[in-house]
Amino acid sequence: MPFATAATATPAATADAPVAFAELVDGGIARPARYLGNERGVEPRDWSAARVRWALTYPEVYEVGASNLGHVLLYAILNAVPGQLCDRAYLPAPDLAARLRERGAPLFAVESHRPLTAFDILGFSLSYELGGTNILEMLDLAGIPIRAADRGDLPLDDPASPPLIFAGGPTATGNPEPFAPFFDFLALGDGEELLPEIGLVVAEGRAAGLGRRALLRDLAEVPGVYVPSLYAPGPDGVSLLPLEPGLAPRIQRRTATPMPHYAMGLVPHIETVHDRLTVEIRRGCTRGCRFCQPGMLTRPARDVEPEAVIEAVEEGMLRTGYSDFSLLSLSCSDYLSLPAVGVELRNRLAEHNVSLTLPSQRVDRFDTSIAHILGGTRRAGLTFAPEAGTQRLRDIVNKGLTDAELLRGIRTAMENGYNRVKLYFMIGLPGETDADVLGIVDTCRGLQQQCRDLGRLQLNLTISNFTPKPHTPFQWHSVSTAEFRRRQQLLRDALRPLRGIKTNYTDVRLSAVEDFVGRGDRRLAPVIEAAWRAGAGLDAWFESADRSHAAWTGAIEAAGLGGSYRALEMGGWSAAEAFASGDLEAFCRQPLPWDHIDSGVDKAWLAEDLGRALGAAVVPDCSFEGCSSCGVCGPELGHNVVIPPPPVPPPLPPRAPASERVCRLRFAFAKTGSLALISHLDTLRLMERALRRSGLPVSFTGGFHPLPRLQVALPLPLGVEGLHEWLDLDFAAPVDPETARRRLQAELSAELTLLSAVAVPLATPGLAQQIRSAEWRFTLRPAPQEEAPDQAVPDPGALAPASLTPERWAAAVAALLEATSLPWQDQDKKGRPRERECRPYLLDLRLVQAEGPTGAGADQVLDLEAAVDPQGRSLRPDHLRHWLSTGLGQPLVLGPVQRRCLRLDAC
């Protein structure tokens, strides 16, 4: 649904003013902490002093975007550039998106809460072919024209000028053409050096008052910047040619040296997809897997200095308080310093109760030294990617893995205590036959049988569908949705008799659309827009698959491209094999929509490598063997940097976290302001990280996942402020209460205040057994008819709000206090109806003089005192809202709610 932009009705003087955040984001929004923007690591920014204002906008929900390393790195780097300011924005969940549209409010940046239209540059991460619909959703919610051609030519300083809109990321670099009409420019390749350069050009153009077109022409001179409006299809209808003299005919991507120190910037308040510190150890991969676009677009390979990795992780763990860290690379096992770095980190962090995880690894390089450094106090799983089930097919795709190496790696894993392993396979690979599909089954069966002497091997399989990618030797290949379905069923049937194997399959429908868009051209921009308007979005989420597929296929048909959807550019693998050598070369010389993007890998080399694939010839890894002459290495993109591994230090014996219980401190605390929008579980996670940063000698539980011995008296409902709550902490060494309070408070937000700390005996009963009552203050107001809560079903002749006089409020409160029974009906966790008697919990209910307007129809403030039983059952203000709504014959809604105090036996 198009967005009726609020900016058009807002005076220019207030165009960059923050939105009414508290009215938009409250306890009625799912996981409202997504939008707070006050994570640890966020620093105050001087809006007025910034020459250029960026908003890095990740087109996914916060939990995905906030854990993306590239997003975090670029945010930190831009904020380190003098005169530049960088904020962040994420795709709002459907509930907030609906509220923004309903209230005519624009999408905002999470830190400043300013509308996205207030910024100079909005940068999107385009990392997935179907992510374009999410970008259009964000542009529309922000009130920004979704097509670059509709954004005018005003200078950026003009309040009516939209920001410059650009994208970066793997899909933007691989083939930007389907998305080109939506962007003013695209940043190709690594952004660490490129984005600051863009910022300097924009600052100069902004200061000079340049119009949008002139500024984009200047940006086109920056290496790695592609301005689509300055290029158009040539006579063949496919090749993109520059429209002005002096423009580069091909735009080369940028490369940069990894900067691991910037990885420790932010610590989210809520659990994210990758809820750990992530540090890059190697960028680029030269293994040469022929299906792998990242391996082609990130060359050359560049190792990070081992000491830089160690320093970044050690400092990052101390600054963030994370319990886990991950070392990131496309192929961690190819980082030769991994064993030495891993052992050194385990030695240095041995007393901090932390664990190391690695992404998918090369099974042929997995050995005892790597197995030793993984895990810690918590052991994560192992993931390997054989990709294909037979040696023949692995040679065709240049996987460089033998059956013997696969077995050796799995046995090494089991010998080191890993009895559950995750394996990635693909179906639909070029040259694949039914025998290769069934080879996946044979591989799994063989691994289980040949490792039986080590125990029972449990396998979790992920079966993805091969989709050809630009800039790879298989970019000319074609796949069939019908064949995907048939091969998936063939595999399901063959795996069914095996035990100890769980299998997940990628949805073939979305794979088909992904392929169609990924190798398309500008003619697909209307399809992407129509799919978004038809409801496509969050396409990578399982629950969105049906809706997204229907929207995409409908848009493709409506655009008249149904006939070419899933068209076979080259036919199947047998057609490729039928080509004579010269004919195959001639076919591969034909123009492709992404030929103007210079990845550094020669197109002719890709065609030659396709020929080698036809012969199942393996090309060695050029990082460790001879050059394969792909064309990347040179003065522009650099060369492979492989650092010789340092000696592996002697490992220190593992140490379990301290579990002794020497003393217990009881803290009174207040949780107010925006932190009321953080859930109970996220509050516990926040507290655990603060404890780690504080260095206090906390006592940990035992078991697989040791946690601090921390107990909160009674969870606060989401959106409720707590003015006097309680928590108990056990320590493994004597600690002075006031010293502990000060050290822990230094690691907490001012909105989570430790009011006091006292020592209590270890034998003291748990807090839950000591709570006697809770004191609440809450506001009730008459509900507009459309907001009437479901539980409140007033009489059809309900009184108007103006008739809710103080006398009627007093009578309703008195009636509740005099009632002998207050039944409450709801459902248990299994959805079964239940009823319980709540009258024993109602100790007192009082009317409080409200601030502001008084009299009939005004908000009413009430104080509630409710008993709490040992199981934590009690009354909440919403119970009272329901009963008072019924008694007054008027729907009511809750306003601000505070739990002012929890009364303990000792209080």
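Per our numbering, the very first residue in the sequence shown carries number 281; after that it's consecutive. Glycine included, each C-beta is placed from N, C-alpha and C at the ideal position.
The beta carbon of ALA452 is closer than 6 Å to those of LEU406, LEU466 in its chain, skipping five residues each way along the sequence. Sequence-distant partners of PRO1176 (beyond 5 residues in either direction) whose C-beta falls short of 6 Å from its own C-beta, in its chain, are THR1059. Closest in alpha carbon position to GLU1018, among ALA1037, ALA1012, LEU1032, GLY1002, is ALA1037.
Rounded to whole angstroms, LEU994 and GLY1046 show a C-alpha spacing of 11 Å.
Within the stretch 451-513, complete alpha helix (DSSP H) segments of at least 4 residues are found at 474-487, 492-499, given in chain order.
When DSSP states are grouped into helix, strand and coil, GLN1170 belongs to the coil group.
With a cutoff of 9 Å on beta-carbon distance, SER879 and MET576 are scored as near each other. Rounded to the nearest angstrom, the gap between the Cα atoms of ALA887 and ASP801 is 21 Å.
Residue state for TRP885 is assigned as helix, using DSSP reduced to three classes. The distance from the Cβ of ALA948 to that of LEU1035 is about 4 Å, consistent with a contact at the 8 Å cut-off.
Rounded to the nearest angstrom, the Cβ distance from ARG497 to PHE399 is 21 Å, too far for a contact under 8 Å. Judged by DSSP secondary structure, CYS724 falls within the alpha helix (DSSP H) whose first and last residues are 714-730. Between ILE590 and VAL621 the beta-carbon gap is near 6 Å, inside 8 Å, which marks them as a contact. For MET544, there is no enclosing alpha helix (DSSP H), since its DSSP letter is neither H nor E. In this chain, the beta strand (DSSP E) harbouring TRP334 covers 332-338. TYR704 sits in a strand when the DSSP states are folded into three classes. A residue is called buried when at least 16 other Cβ atoms come within 10 angstroms of its Cβ; ASP675 meets this threshold and is buried. Counting along the chain, the unbroken alpha helix (DSSP H) around TYR355 starts and ends at 349-359. By the Cβ neighbour-count rule, GLU340 is buried, with 16 or more other Cβ atoms within 10 Å of its own. Annotation for LEU890: ARG570, PRO753, PHE754, TRP756, ALA856, LEU864, CYS868 place their beta carbon closer than 8 Å to its own, counting only its chain and skipping 5 residues before and after.
Measuring C-alpha to C-alpha distances from GLY1002 to each of TRP1056, SER979, VAL1040, GLU968 identifies TRP1056 as the nearest.
Taking each of LEU1164, HIS652, ILE561, ALA1146 in turn and checking the Cα distance to ARG1088, the smallest one comes out for LEU1164. A residue is called buried once 16 or more other Cβ atoms fall within 10 Å of its Cβ, and ASN627, having fewer, is exposed. Straight through space, the alpha carbons of THR952 and ASN678 are spaced by roughly 57 Å. Taking PRO1103 as the centre and dropping the five residues before and after it, the same chain places the C-beta of GLU1115, ARG1116, GLU1117, CYS1118 closer than 8 Å to its C-beta, in chain order. The C-beta of LYS749 has 16 or more other C-beta atoms within 10 Å across all chains shown, which makes the residue buried. Only exposed fits ASN784, as fewer than 16 other CB atoms lie within 10 angstroms of its CB. For the options THR723, VAL721, THR742, the alpha carbon positioned closest to that of TYR704 is the one of THR742. With respect to the 9 Å criterion, SER603 and ARG972 are classified as neighbours on the basis of their beta carbons. Taking each of ALA346, GLY479, GLN1178, ARG530 in turn and checking the Cα distance to LEU872, the smallest one comes out for ARG530.
Per DSSP, the unbroken beta strand (DSSP E) holding GLN1140 starts and ends at 1140-1147.
Sequence-distant Cβ neighbours of ASN455 in its own chain, meaning closer than 6 Å and more than five residues away, are PRO750, TRP874. Taking C-beta separations shorter than 8 Å and ignoring five residues to either side along the sequence, the partners of ASP1108 in its chain run ARG1114, following chain order. The C-beta distance from ALA1020 to LEU945 rounds to 6 Å, short enough to fall under 8 Å. In this structure, the CA atom of PRO298 is about 22 Å from the CA atom of ALA310. Taking a C-beta distance under 9 Å as the contact criterion, HIS351 and LEU336 qualify as a contact pair.
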